[in-house]
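Chains as they are written, first to last, in our numbering: chain A, 1 to 107; chain B, 108 to 220. By construction, the Cβ of each residue, glycine as well, lies at the ideal position given by its N, Cα and C atoms. Taking it in order: structure first as structure tokens, then the write-up.
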Amino acid sequence: KNEVEQSPQNLTAQEGEFITINCSYSVGISALHWLQQHPGGGIVSLFMLSSGKKKHGRLIATINIQEKHSSLHITASHPRDSAVYICAVWPGNQFYFGTGTSLTVIP
Amino acid sequence: SQTIHQWPATLVQPVGSPLSLECTVEGTSNPNLYWYRQAAGRGLQLLFYSVGIGQISSEVPQNLSASRPQDRQFILSSKKLLLSDSGFYLCAGTFRGGPYEQYFGPGTRLTVT
Chain A
1 KNEVEQSPQN LTAQEGEFIT INCSYSVGIS ALHWLQQHPG GGIVSLFMLS SGKKKHGRLI
61 ATINIQEKHS SLHITASHPR DSAVYICAVW PGNQFYFGTG TSLTVIP
Chain B
108 SQTIHQWPAT LVQPVGSPLS LECTVEGTSN PNLYWYRQAA GRGLQLLFYS VGIGQISSEV
168 PQNLSASRPQ DRQFILSSKK LLLSDSGFYL CAGTFRGGPY EQYFGPGTRL TVT
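Here's what the structure looks like:
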């Protein structure tokens with residue numbers, strides 16, 4: 001049983017489309033992270049959330065603590081957004097990670 | 108600000124060779140540090156965590172070991188690599204400045220040939 005589930009596993013979009021990636025978790029948490037991993041590259045932290053909503057440029061992350069659910073949105077998607085997006089939660093003792101969503105944005 | 112450094116970024120090693128991956132922390136002290144591994148097609152799994160110098164807890168028995176020789180240094184090692192050790196290794200940390208002090212290193216991609 002995975003503590004963190006992400007959907008979809010794979011996503012292909014046309015440039016300019018609005019994208020949503022979902023993360024559901026089964027444990028009580030104090031923080032949730034969205035991470036980005038480019039092909040062959042390292043991890044980059046995009047957001048840390050404990051409640052509500054955060055926005056950085058074209059990226060928006062939301063979290064609903066009661067429903068144990070978070071979403072990452074990308075507006076006006078671009079080919080450079082192609083990467084694996086990973087949800088990670090912190091219940092207080094260790095991080096639990098989703099398996100990632102592989103996003104490909106086609107020009 | 109706090110930063111976690113990892114090196115090397117990529118590594119190709121033959122089967123049976125030793126391994127040493129280093130994680131260092133900048134900008135704070137007394138962090139809890141974690142080593143995770145991501146095998147192909149799977150999520151990141153906890154390997155080791157450390158709450159202080161010389162204190163290591165192992166989550167999954169494997170061909171690897173970890174050490175914490177200094178407060179800001181966390182090392183992942185192997186005496187003899189196996190093909191199954193290939194994967195992406197991530198160092199993460201939590202800093203005791205509050206509940207929001209959590210950081211990730213960039214990771215190391217290891218290929219065992």
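Query                                                                                                                               : Result
Chain-order list of residues whose beta-carbon lies under 6 Å from that of residue 156/B (same chain, five-residue window excluded) : 141 and 164
Burial state of residue 153/B, where buried means 16 or more other Cβ atoms lie within 10 Å                                         : buried
Neighbour flag for residue 173/B against chain A, beta carbons, 8 Å                                                                 : no
Amino acids of chain B, ordered along the chain, whose beta-carbon sits closer than 7 Å to that of residue 99/A                     : 149 and 150
is_contact[residue 45/A, chain B] using C-beta, thresh 8 Å                                                                          : yes
Cross-strand partners of residue 215/B (DSSP beta bridge)                                                                           : 196/B
Residue 211/B: contacting residues in chain A (beta-carbon distance under 7 Å)                                                      : 35, 43 and 45
Residue 51/A vs residue 65/A beta-carbon contact at 8 Å                                                                             : yes
8 Å Cβ cutoff, residue 118/B in contact with chain A                                                                                : no
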